[in-house]
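Listed in order, the protein sequences are those of chains A and B. Numbering that gives the first Met the number 0 puts the first sequence at residues 0 to 397. Numbering that gives the first Met the number 0 puts the second sequence at residues 0 to 397.
Number of protein chains: 2
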Amino acid sequence: MIQIAIMGLGTVGTGVAKVVAENRRQIERKLGEPLEVKTILVRRFKDGPCRQLMTDNFEKIEKDGDIRVVVETIGGVGAAYEYTRRCLEAGKHVVTANKQLVAEHGCELLELARRKNVNYLFEASVGGGIPILHPLTQCMAANRIDEVYGILNGTTNYILTRMVRTGAFFSDALREAQAKGYAEADPTADVQGIDAGRKICILADLAFGQQIDPDAVPMEGIAKLSLRDVKIAKRAGYRVKLLGRAVRLPGGGRTAYVAPHLIPEENPIANVEDVFNAVMVRGNATGEVMFYGRGAGELPTASACVADVMECLQASPRREEIGWSPETGGFEDPLELKTRHYFRIEGSLTDAAMAFGQVEVLSEDGETAFLTEPVSGLDAERQSRLLNVLACMRVLEG
Amino acid sequence: MIQIAIMGLGTVGTGVAKVVAENRRQIERKLGEPLEVKTILVRRFKDGPCRQLMTDNFEKIEKDGDIRVVVETIGGVGAAYEYTRRCLEAGKHVVTANKQLVAEHGCELLELARRKNVNYLFEASVGGGIPILHPLTQCMAANRIDEVYGILNGTTNYILTRMVRTGAFFSDALREAQAKGYAEADPTADVQGIDAGRKICILADLAFGQQIDPDAVPMEGIAKLSLRDVKIAKRAGYRVKLLGRAVRLPGGGRTAYVAPHLIPEENPIANVEDVFNAVMVRGNATGEVMFYGRGAGELPTASACVADVMECLQASPRREEIGWSPETGGFEDPLELKTRHYFRIEGSLTDAAMAFGQVEVLSEDGETAFLTEPVSGLDAERQSRLLNVLACMRVLEG
Chain A
0 MIQIAIMGLG
10 TVGTGVAKVV
20 AENRRQIERK
30 LGEPLEVKTI
40 LVRRFKDGPC
50 RQLMTDNFEK
60 IEKDGDIRVV
70 VETIGGVGAA
80 YEYTRRCLEA
90 GKHVVTANKQ
100 LVAEHGCELL
110 ELARRKNVNY
120 LFEASVGGGI
130 PILHPLTQCM
140 AANRIDEVYG
150 ILNGTTNYIL
160 TRMVRTGAFF
170 SDALREAQAK
180 GYAEADPTAD
190 VQGIDAGRKI
200 CILADLAFGQ
210 QIDPDAVPME
220 GIAKLSLRDV
230 KIAKRAGYRV
240 KLLGRAVRLP
250 GGGRTAYVAP
260 HLIPEENPIA
270 NVEDVFNAVM
280 VRGNATGEVM
290 FYGRGAGELP
300 TASACVADVM
310 ECLQASPRRE
320 EIGWSPETGG
330 FEDPLELKTR
340 HYFRIEGSLT
350 DAAMAFGQVE
360 VLSEDGETAF
370 LTEPVSGLDA
380 ERQSRLLNVL
390 ACMRVLEG
Chain B
0 MIQIAIMGLG
10 TVGTGVAKVV
20 AENRRQIERK
30 LGEPLEVKTI
40 LVRRFKDGPC
50 RQLMTDNFEK
60 IEKDGDIRVV
70 VETIGGVGAA
80 YEYTRRCLEA
90 GKHVVTANKQ
100 LVAEHGCELL
110 ELARRKNVNY
120 LFEASVGGGI
130 PILHPLTQCM
140 AANRIDEVYG
150 ILNGTTNYIL
160 TRMVRTGAFF
170 SDALREAQAK
180 GYAEADPTAD
190 VQGIDAGRKI
200 CILADLAFGQ
210 QIDPDAVPME
220 GIAKLSLRDV
230 KIAKRAGYRV
240 KLLGRAVRLP
250 GGGRTAYVAP
260 HLIPEENPIA
270 NVEDVFNAVM
280 VRGNATGEVM
290 FYGRGAGELP
300 TASACVADVM
310 ECLQASPRRE
320 EIGWSPETGG
330 FEDPLELKTR
340 HYFRIEGSLT
350 DAAMAFGQVE
360 VLSEDGETAF
370 LTEPVSGLDA
380 ERQSRLLNVL
390 ACMRVLEG
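In structure tokens form, the structure reads like this:
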């Protein structure tokens with residue numbers, strides 16, 4: 000009998016208890032013995048099937064030598080950070096879905112886990128139930144990873160899908176997402192790109208093996224996105240998607256950011272719809288590989304946590320290094336990155352051509368929408384000062 | 000310095016030597032020491048950069064205590080089987096891309112590896128460079144896997160893509176694939192579904208944890224597929240794809256087969272084009288997750304082998320069990336499986352309705368093409384004896 004604890008009984012914590020109970024047989028077959036939730040840390044006691052396991056005293060977990068793995072689903076960086084440290088110090092493995100904590104303190108917590116000879120695993124922090132961190136760090140370990148990009152937030156992808164399919168305005172699509180339970184009452188973290196930003200930081204940390212400072216990563220959401228640009232892009236054979244993107248630059252540096260992009264409709268990621276997530280990884284040997292599925296939700300995210308729990312128990316004493324150095328050097332502003340840019344301006348084709356030379360016109364209808372040749376973000380900004388810019392987005396190549 | 004050997008210097012073997020050399024830095028960073036190919040087993044000596052590493056004497060590898068991991072890329076089940084056994088007996092880890100050997104003897108070789116406390120890993124045997132076996136067995140370990148299906152053969156998918164896109168006949172599309180180097184001079188194993196069949200056997204073994212006898216798995220290829228059916232399907236909103244499919248049946252049994260299917264165009268797998276592969280896995284907690292990329296090729300496949308080599312070295316002494324019992328019980332004929340079926344008959348709508356009751360007509364043009372309600376393969380066969388059937392395929396639901 001292997002005993003674990005859960006800290007926090009929100010959506011994911013509840014899901015972990017459910018998965019452990021419902022898939023008891025599968026889990027026992029792989030572990031060789033049964034897995035049981037012994038203790039659940041809550042702030043307020045609630046009635047329900049887990050009532051007798053609840054405690055509001057963290058020391059009940061910290062000091063219990065029978066508990067070998069702790070699943071942290073508290074969220075945020077306050078109590079979650081303190082309790083995670085103390086669990087690792089106490090020689091317990093810790094598993095989490097907490098993307099904010101991993102993006103901000105992952106490298107440091109991994110180092111603590113290493114010293115204590117235990118694991119700190121966080122597959123569920125990116126892409127919910129989609130296996131992505133493990134394939135990236137283990138299965139693609141023989142590659143130099145050159146780029147990772149993806150649709151990392153289901154709420155914004157649902158909103159964009161409604162805008163493309165039914166021509167809904169952003170505000171209406173957001174209300175629809177809230178009515179369906181896909182968006183929070185306060186949708187800020189999703190809509191402003193912050194949730195996707197934390198995830199692209201974690202992906203970049205693991206892809207390049209070096210710490211990314213989340214504060215250095217520009218995060219642009221979809222709140223200011225115009226339905227008009229979505230429609231022009233669609234007619235020209237592109238889909239607008241909110242991408243998190245991390246790129247190894249030609250000079251050896253690396254960068255990361257979140258922003259809406261135009262994506263050619265032949266790219267498989269252009270067809271990722273509704274609340275689905277997808278992550279594309281480009282390795283120098285493997286080429287492009289895509290991982291696709293539900294990026295959130297109680298059971299998908301919980302099942303990724305439970306798989307990490309199982310891995311902690313099987314990879315004894317601990318899993319191999321994933322390679323995440325605290326070194327932050329070499330990070331460059333994404334404005335260095337060259338891509339084609341989409342512009343919609345209050346002005347004529349002549350205005351566009353005077354600023355950018357050769358351009359591809361997408362529409363001329365009182366305004367002018369066009370694509371530039373590849374230019375850096377810096378040049379795009381500089382040249383666009385000559386223009387009356389109504390909208391500007393990067394185009395994903397390929 | 001860690002030393003390995005390669006057996007066989009065909010496409011994949013050559014690729015392994017290249018990846019080890021080209022990505023030396025990435026590999027050393029993860030392993031903590033350099034990785035070097037010491038010996039390469041060949042049948043005939045060839046000139047080239049690896050000339051001084053070659054031997055035609057297997058015992059040079061078997062008896063070399065410095066060689067800790069052997070990559071088997073000989074192919075087939077003759078020498079590959081014998082040498083793999085002897086390497087494992089000698090206490091060396093073995094890594095392979097050999098799908099035939101794994102499908103036919105995987106369970107037995109894993110048992111031998113277990114006894115010798117070494118690893119037998121074969122991520123590259125399915126999906127080339129796409130991480131799939133590892134995510135299936137580790138990252139989704141907390142799920143009961145209910146279904147796995149996929150486009151497992153790039154050659155046939157290229158041919159089907161040409162038939163859909165340009166209306167090419169099968170024979171012309173095959174010649175085009177051969178001219179581009181995507182199809183062998185003897186394309187039998189690809190076109191008859193045998194290659195995809197071996198891969199679905201391995202996926203089913205790992206998804207359900209029990210041995211599948213490859214001889215019990217019906218493998219139908221695309222050689223008899225008519226361009227007419229591809230066109231009718233396309234007009235009705237379906238794509239024709241060759242799928243390998245393994246399903247947990249409602250009664251607790253399981254089945255597997257390879258056959259062309261009609262797939263609704265909204266399903267992401269319908270849009271997997273050209274030589275790309277994709278595998279969809281359905282878990283009871285995670286839902287559907289898809290893995291997509293290049294399923295073959297020198298460097299992608301080789302990089303999956305090298306990642307397995309790295310895992311052998313890091314997961315010391317050996318990786319956790321993946322769960323593959325030699326027990327073959329519970330396998331049922333895929334004819335038990337209920338799905339909608341596509342038929343094209345020399346006959347009228349009345350003929351169709353008399354055989355299958357309610358049907359959905361796709362075309363009436365001298366012949367009648369229609370979709371049935373869900374029926375078992377057995378019933379589809381039985382009822383179709385009343386009809387003059389020109390073509391019949393299953394429809395993938397969802």
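Just so you know, even glycine gets a beta-carbon here, dropped at the ideal spot from N, CA and C.
Within the DSSP secondary-structure output, glycine 149/B pairs in a beta bridge with Gly243/B, Val278/B. In the structure shown, the three-state DSSP call for threonine 54/A is strand. Per the Cβ contact rule, the segment 130 to 144 of chain A is in contact with the segment 113 to 131 of chain B (3 or more Cβ pairs under 8 Å). Per DSSP, the unbroken alpha helix (DSSP H) holding glutamate 175/A starts and ends at 169 to 178. Chain A places no beta carbon closer than 8 Å to that of glycine 7/B, leaving this residue out of the contacts. The residues Cys106, Gln210, in chain order, have a CB closer than 6 Å to that of proline 325/A in the same chain once the five nearest residues on each side in sequence are set aside. The beta carbon of valine 18/A sits closer than 7 Å to those of Leu298, Ala301, Ser302, Val305, all from its chain and outside the five residues before and after it, given in chain order.
With a threshold of 16 other beta carbon atoms within 10 Å, valine 360/A falls short and is exposed. The beta carbon of tyrosine 291/B sits closer than 8 Å to some beta carbon of chain A. Only Glu122, Gly128, Ile129, Pro130, His133, Pro134 from the segment 100 to 134 of chain A bring a Cβ to less than 7 Å from some Cβ of chain B. Residue Cys200/B holds the alpha-carbon nearest to the alpha-carbon of valine 147/B among Gly77/B, Cys200/B, Leu389/B, Val15/B. For isoleucine 5/B, the enclosing beta strand (DSSP E) has its first and last residue at 1 to 6. Using a CB distance below 7 Å, the part of the segment 13 to 39 of chain A facing chain B consists of Val18, Asn22, Gln25, Ile26, Arg28, Lys29, ordered along the chain. Excluding five sequence positions before and after serine 362/B, the CB atoms of its chain that fall closer than 7 Å to its own CB belong to Ile231, Ala368, given in chain order. The beta carbon of valine 271/B is closer than 8 Å to those of Ile150, Asn156, Lys240, Ala277, Tyr291 in its chain, skipping five residues each way along the sequence. Straight across, the Cα-Cα distance linking valine 394/A with aspartate 214/A is about 24 Å. Taking a beta-carbon distance threshold of 8 Å, glutamine 137/A counts as an interface residue toward chain B. Between isoleucine 5/A and valine 70/A, the CB-CB gap stays under 8 Å.
About 22 Å separates the CB atoms of glutamine 25/B and isoleucine 66/B; that is not less than 8 Å, and the two are not in contact. With a minimum length of 3 residues, the unbroken runs of beta strand (DSSP E) contained wholly in the segment 7 to 95 of chain B fall at 34 to 40, 66 to 71, 92 to 95.
Glutamine 357/B counts as exposed, since fewer than 16 other beta carbons sit within 10 angstroms of its beta carbon. Cα atoms of arginine 227/A and methionine 162/A: separation of roughly 10 Å, rounded to the nearest angstrom. Contact with chain B is found for valine 305/A, since one of that chain's Cβ atoms lies less than 8 Å from the residue's Cβ. Secondary structure note for arginine 384/A: it is in no alpha helix (DSSP H), with a DSSP letter that is neither H nor E. Interface residue (Cβ-Cβ distance to chain A less than 8 Å): alanine 141/B is classified as such.
Per DSSP, reduced to three states, the secondary structure at valine 360/B is strand. Non-local beta-carbon contacts of arginine 197/B in its own chain, meaning distances under 6 Å to residues more than five positions away in sequence, involve Lys98, Gln99, Ala102 in chain order. Only Glu265, Pro267, Asn270 from the segment 239 to 270 of chain B bring a Cβ to less than 9 Å from some Cβ of chain A.
Here glutamate 264/A has Gly236, Tyr237, Arg238 as same chain residues with Cβ atoms under 7 Å from its own Cβ, once five neighbours each way along the sequence are excluded. Exclusion of the five residues before and after isoleucine 344/A leaves Asp350, Ala351, Glu366, Thr367, Leu386, Asn387, Val388, Leu389 as the residues of its chain whose Cβ lies within less than 7 Å of its Cβ. Classified as exposed, proline 249/B has fewer than 16 neighbouring CB atoms from the shown chains inside 10 Å of its CB.
Sequence-distant Cβ neighbours of glutamate 27/B in its own chain, meaning closer than 8 Å and more than five residues away, are Pro33, Leu34. Contact fails between the segment 39 to 51 of chain B and the segment 115 to 123 of chain B, because fewer than three Cβ pairs, one in each stretch, are under 8 Å apart.
The three-state reading of DSSP puts valine 229/A in helix, counting H, G and I together. The Cβ atoms of proline 259/B and leucine 205/B lie no closer than 8 Å to each other.
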